[in-house]
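Beneath this line is the structure, given in structure tokens, with notes to follow.
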Amino acid sequence: MGGLRAALALALVAPALARTLDDFLREALSSCGYGTAGCNCTDVRAENRGLDGAIPGDLEACAPSLRILSVSGNKLTGPVPPWLLRGDHLWKAYLHANALSGPLPEAYGANLEWLSLYSNALTGPLPESLGELQHLRTFAVYENKLDGTVPASLVNLSRLEYLGLNANGFAGGLPGGPYGPMLRALWLQDNDFGGALPPAIGSCPLLEILDARNGGFDGPIPEAYGRDGALGTQPLIALPRLAGSSDAARSRRRMSLRRSRVDDQHRCKISRHHRECIIGR
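Mature numbering (1 follows the signal peptide of the UniProt record, and there is no 0) puts the sequence shown at residues -18 to -1, 1 to 263.
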């Protein structure tokens, strides 16, 4: 009897004692076949557990059934696995606040709607194939070490609502447009873009938050940004004081921003008197 109790106690605490993500998942997801070719796990959650190691290769066997992968707030290292952006079923991927490194893999027709990779150590340019993620609504890669130019295929995704690119090393200017009609929030600050802000951004009918401070932009702020009806109603805007921008044009813009980080719900609270897009942990 005592041996049975000890075995039960060990089974209950084993997931908490596991150090690698693979160890944790083998204990926590044995019932849905993790680690086997017949894995049918649909919802994998292991947030804020201090887990280290790479994203295990055995997760790929779960790809045909996996809908949610949430492993944020750990100490995971290594690359983002290629299968993550190529599956047909994955809906939400939260991998932020880890130590993942290397470039983003190519994307091919995945059904992802939420892809959260901020606060890692990703490098290299964004692949043009991100434009294949036709269902993407949130793409958060801020606070990484990404560089190169931003693909036009990404900014004109028809369902994209929240795009967080800030605190990287992007350069070479922004795409001229068009920008997606559903875009609500665009974070560009703390980069090395260079060039002027594209007028097309001012035509986004739903845009509520735009932050371009310290983004490396030059030239005048396009007049489209101050036009009546542009950038939504009472948008939260933080733009640099660029050469050639008149005081009158600047006075038409609300130069303030209430910013937090993208939470794992990716919700935007909007009311008649207050707009705050939450982009946080």
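All residues carry an ideal CB built from backbone N, CA and C; glycine is no exception. A quick note: this is a predicted structure, and the numbers were derived from the prediction, not measured.
How should residue i be labelled, buried or exposed, when 16 other C-beta atoms within 10 angstroms of its C-beta is the threshold for buried?
{"i": "Glu88", "result": "exposed"}
{"i": "Ala122", "result": "buried"}
{"i": "Ser98", "result": "buried"}
{"i": "Gln171", "result": "buried"}
{"i": "Ser185", "result": "buried"}
{"i": "Gly55", "result": "buried"}
{"i": "Ala19", "result": "exposed"}
{"i": "Gly39", "result": "exposed"}
{"i": "Ala194", "result": "buried"}
{"i": "Ala75", "result": "buried"}
{"i": "Ala28", "result": "buried"}
{"i": "Ser238", "result": "Only weak support is given to the placement of Ser238: the predicted model assigns it a pLDDT of 29, under 50, and the value that follows is read from those uncertain coordinates. Ser238 should be labelled exposed."}
{"i": "Ala81", "result": "exposed"}
{"i": "Ile204", "result": "Position check: residue 204 holds Pro in this sequence, whereas Ile was assumed. It is buried - the Cβ of Pro204 has at least 16 other Cβ atoms within 10 Å."}
{"i": "Asp4", "result": "buried"}
Going along the chain, which residues of its own chain have a beta-carbon closer than 8 Å to the beta-carbon of residue i, five neighbours each way excluded?
{"i": "Asn138", "result": "Gly113, Pro157, Gly159, Pro160, Tyr161, Gly162"}
{"i": "Asp129", "result": "Thr105, Gly106, Pro107, Asn150, Gly151, Phe152, Ala153"}
{"i": "Trp73", "result": "Arg49, Ile50, Asn93, Leu94, Glu95, Trp96"}
{"i": "Cys23", "result": "Leu11, Cys14, Gly15, Tyr16, Cys44, Ser47, Leu48"}
{"i": "Gly176", "result": "Ala153, Gly154, Gly155, Gly198, Phe199, Asp200"}
{"i": "Asn30", "result": "Ser54, Gly55, Asn56"}
{"i": "Ala127", "result": "Before going further, note that residue 127 is Lys rather than Ala in the sequence given. Answer for Lys127: Ala103, Leu104, Thr105, Asn150, Gly151, listed in chain order."}
{"i": "Thr59", "result": "Asp34, Gly35, Ala36, Asn80, Ala81, Leu82, Ser83"}
{"i": "Pro85", "result": "Pro61, Leu104, Thr105, Gly106, Pro107, Pro109"}
Looking only at its chain, what residues have a beta carbon closer than 7 Å to the beta carbon of residue i, apart from the 5 residues adjacent to it on each side?
{"i": "Leu142", "result": "Leu118, Arg119, Phe121, Gly162, Met164, Leu165"}
{"i": "Glu125", "result": "Tyr100, Ser101, Ala149"}
{"i": "Ser111", "result": "Glu88, Ala89, Tyr90"}
{"i": "Thr2", "result": "Leu33, Asp34, Gly35"}
{"i": "Asp25", "result": "Arg49, Ile50"}
{"i": "Arg8", "result": "Tyr16, Gly17"}
Residue i bridges to which residues according to DSSP?
{"i": "Ile183", "result": "Partner(s): none; Ile183 has no beta bridge."}
{"i": "Ala36", "result": "Thr59"}
{"i": "Gly84", "result": "Leu104"}
{"i": "Asp70", "result": "Bridge partners of Asp70: none, in fact."}
{"i": "Asp174", "result": "Ala153"}
First and last residue of the alpha helix (DSSP H) that includes residue i?
{"i": "Leu58", "result": "That residue, Leu58, is in no alpha helix (DSSP H); its beta strand (DSSP E) goes 57 to 59."}
{"i": "Leu3", "result": "3 to 10"}
The beta strand (DSSP E) spanning residue i covers which residue range?
{"i": "Val26", "result": "25 to 27"}
{"i": "Ala75", "result": "74 to 76"}
{"i": "Ser52", "result": "50 to 52"}
Tell me which residues share the same chain as residue i and place their Cβ nearer than 6 Å to its Cβ, disregarding the 5 neighbours each side in the sequence.
{"i": "Ser135", "result": "Glu110, Gly113"}
{"i": "Trp65", "result": "Glu42, Ala45"}
{"i": "Leu67", "result": "Pro87, Ala89, Ala92"}
{"i": "Gln116", "result": "none"}
{"i": "Pro180", "result": "Leu156, Gly158, Gly159"}
**Request:** Could I get the ranges of all uninterrupted beta strand (DSSP E) runs contained in the stretch 97 to 169, with 3 residues as the minimum, in chain order?
**Result:** 103 to 106, 120 to 122, 127 to 130, 144 to 146, 167 to 169
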